[in-house]
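Residue 1 is where the sequence shown starts when you use the UniProt record's numbering, and the numbers rise one by one after that.
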Amino acid sequence: MTDNRFVESNRLQSKASQLIPAGCHTYSKGVDQFPQLAPGFIQSGNGAWVTDMDGNTFLDWGMGLRSVSLGYGYPRVTQKVIDYVQKGQGPNFTRPAPVEVELAELLVELIPSAEMVKFSKNGSDVTSAAIRLSRAYTGRKRIAFCKEHPFFSFNDWFIGTTPCNNGIPEQVSELSVSFQYNDAQSLERIFELYPGDVAAVILEPVTSIPPAEGFLKRVRELTHKHGAVLIFDEMISGFRFGLPGAQTTFGIHPDLSTFGKAIGNGFSCAVLAGKRDIMSLGGLEHLQPRLFLLSATNGAETHSLAAAIETVLEFREKNVIGHIELIGERLQEGWRQTVMAHGLDQHLQIGGYPNSPVYVCKDEQLIPSAAFRTLFLQEMIREGVLIPYISISYSHGEREVTKTLEALDRTCAVYHQALDQGFQSVLTGPPVKPVFRKFN
Ligand SMILES: Cc1ncc(COP(=O)(O)O)c(C=O)c1O
C-alpha cells in the first residue's frame, strides 16, 4: 500500500540507504525501528512539534532521542548559540576556550559526586572513558554491568556483550560480566567469582523500575568493600530524576557519573564527572603512567558547551523537572482512562515514573508484541503523534497531552480491530525489530 503523505521522505530514504550504512547515524532512528507509514526524515522542530520532509507536522514525544529536554528551537539556548557564532566565539580554537571552564565550574557545583568533569560529544565516549579510567585506577580488567539496562556505549566493552557482537574479539567481551538490577546478591556473586579483578560496576541508578529498598546503598557498600569504582550512567536519569539526577534523589554518590542527552537541549555535550583522585589520572600533574582519557578534535565545540550552560541554568532557574512530572502525571492518568474506556487496559499499558513514562503494547495473549507496537506507532502517526517512547520536555503542556489522548482514543479502535482480526489486517509493512539482533 502506498501512502502519499511520505513521498519525499521515502525518496530520501532510498537514497540514504545507498549512501549511509543503516541510512542514519543512530540505530534507534532506523527504518527497522518505525512502521512503514512513518515520516522518514524530519526537517524542522519547534517546541514539542516537528515537521517532516513532506510538510507533515507531528507532535513529538521522542525529542531527539531524549536529548531535546527544553524543546526544539528553545529561544534561550538557540539565541546563545547564535550569539556565539556571530561574535566569533567558536566553534573551535587552537587552545581551550573560556566556556570550557565556565561549564566545568557550573557542573562541579551542581553534581554532588563531582570534583572534576571532562566533556565529549557522545554518551558512549564518556561511559567508555569511565571504564578506562576505572581499569587504570584499580589496575583490574573486569567490568560488571547491569543486564536489564539496554545501552551503555557503542564501544566494544559493551556491544560485545549483545547478540550484535560482530567484529568484536571475544577476549574483549569476556571481560564484561552482568548482574541483575535490584539483586545485590547477583553482584556479590561477581565479586566472589572474580576476586580482586572487578574494576568497575556500571548501571543506571533508576529506569522505569524503582530501586528496591536499600539496593543502591548495597551496591555502594559492595563497591567500597571490594575496591571497585562505582559508575552511575545518568544519561537518561540525569536532569529528569532530579537535578543533576538520580544520585541526588536517592542520595547515593557514585565515584564517577556520566551525563548527556538532556544536558545540551540537543546540542552535543556529554559529561564524565567524578572524584578528583580518579579523574586526575587523566591529567598532567601526577607521576603515574599517563592515561589517555578523552581527547577529540571537536570535544569542546564552544556552541555546544554554551548551549549546555544555558540549558543547565534554565533547569536550575525554572522548575523544569516539576513541569515534566506534572505533564507525565496528566499523560499517565489520561492514558489509563482512555484505554480503560476501550477495554484495552491490559493491552496498552503505561507505567514508569511520571517524569519518564513507558508504555507497552500487548497482543491477544497479553504478551508484549513488536507487531502491535508497530501498529500502535502507525496509528498514532496517522493521528499526528510521533511516540516511539515518551521523553517529556519543558515544551510539552496540556495541549500536547490533549492531542495525544485524542490520538490514543482513535488508535484504540484500530487496536481492537487488530486484536479481533489479526494485526495483518491493519498494519502496513513489517513489524519493528530489536536493535540488538544477530542478523538483519
Ligand atoms: C543509558 C545510556 N547510556 C549511554 C548512552 C549512549 O549515549 P550516546 O548515544 O550519546 O553515545 C545512551 C544512549 O541512548 C543511554 O541511553
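For glycine and all other residues, C-beta sits at the position ideal for the given N, C-alpha and C.
Cα separation between residue i and residue j?
i	j	result
threonine 297	threonine 258	20 Å
threonine 78	valine 320	17 Å
histidine 416	proline 430	19 Å
lysine 141	threonine 127	15 Å
residue 441	asparagine 355	With the chain represented from 1 up to 440, any question about residue 441 goes unanswered, as that position is not in the structure.
tyrosine 137	phenylalanine 191	17 Å
phenylalanine 145	valine 229	12 Å
lysine 433	glutamine 288	47 Å
glycine 214	aspartate 197	25 Å
leucine 59	leucine 348	20 Å
arginine 399	isoleucine 381	17 Å
serine 391	glycine 334	17 Å
isoleucine 236	proline 195	31 Å
glycine 251	isoleucine 350	27 Å
glutamate 325	leucine 216	23 Å
proline 211	serine 178	17 Å
arginine 189	asparagine 155	26 Å
phenylalanine 436	serine 176	17 Å
glycine 322	glycine 30	32 Å
According to DSSP, is residue i helix, strand or coil?
i	result
threonine 51	strand
alanine 104	helix
methionine 235	coil
lysine 29	helix
threonine 258	strand
phenylalanine 241	coil
leucine 386	strand
serine 120	strand
alanine 270	strand
methionine 1	Confidence at methionine 1 is low in this model, with a pLDDT of 48, below 50, so the placement of that residue should be treated as unreliable; the coordinate-derived value is given next. Here methionine 1 sits in coil by DSSP.
isoleucine 42	strand
aspartate 345	coil
asparagine 10	helix
Identify the residues that DSSP records as bridge partners of residue i: which are they?
i	result
lysine 362	Pro368
threonine 57	Thr51
cysteine 146	Phe179
glycine 351	Val358
asparagine 155	None; asparagine 155 has no bridge partner.
tyrosine 72	Gly47
serine 173	Serine 173 is not bridged to any residue.
leucine 230	Val201
Could you tell me whether any non-hydrogen atom of ligand 2 is closer than 7 Å to the CB of residue i?
i	result
phenylalanine 239	With respect to small molecules bound, the structure shown includes ligand 1 and not ligand 2.
Should residue i go down as buried or exposed, given a rule of 16 or more other Cβ atoms within 10 Å for buried?
i	result
proline 21	exposed
threonine 302	buried
glutamate 234	buried
phenylalanine 241	buried
glutamine 332	buried
lysine 80	buried
glutamine 378	buried
histidine 286	exposed
isoleucine 111	buried
glycine 123	buried
aspartate 420	exposed
threonine 161	buried
Got a sec? Which residues, its chain only, sit under 6 Å from residue i by beta carbon, not counting five neighbours each side?
i	result
phenylalanine 232	Pro205, Gln247, Pro254, Ser257
asparagine 46	Tyr72, Gly73
alanine 97	Thr302
serine 17	Gly23
Using C-beta distances below 7 Å, list every residue in its chain close to residue i, excluding the 5 sequence neighbours before and after it, in chain order.
i	result
valine 117	Ala104, Leu107, Val108, Val271, Leu272, Ala273
alanine 199	Ser134, Arg135, Thr138, Arg140, Lys141, Arg142, Ile143, Ala228, Val229
asparagine 265	Val68, Ser69, Leu70, Tyr74, Val77, Ala307, Thr311
threonine 374	Pro35, Leu427, Pro431, Val432
valine 401	Ile327, Arg330, Leu331, Gly334
serine 28	Leu65, Val435
Whose C-beta lies closer than 8 Å to the C-beta of residue i among residues of the same chain, with five residues either side of it excluded?
i	result
glutamate 115	Val108, Gly274, Lys275, Arg276, Met279
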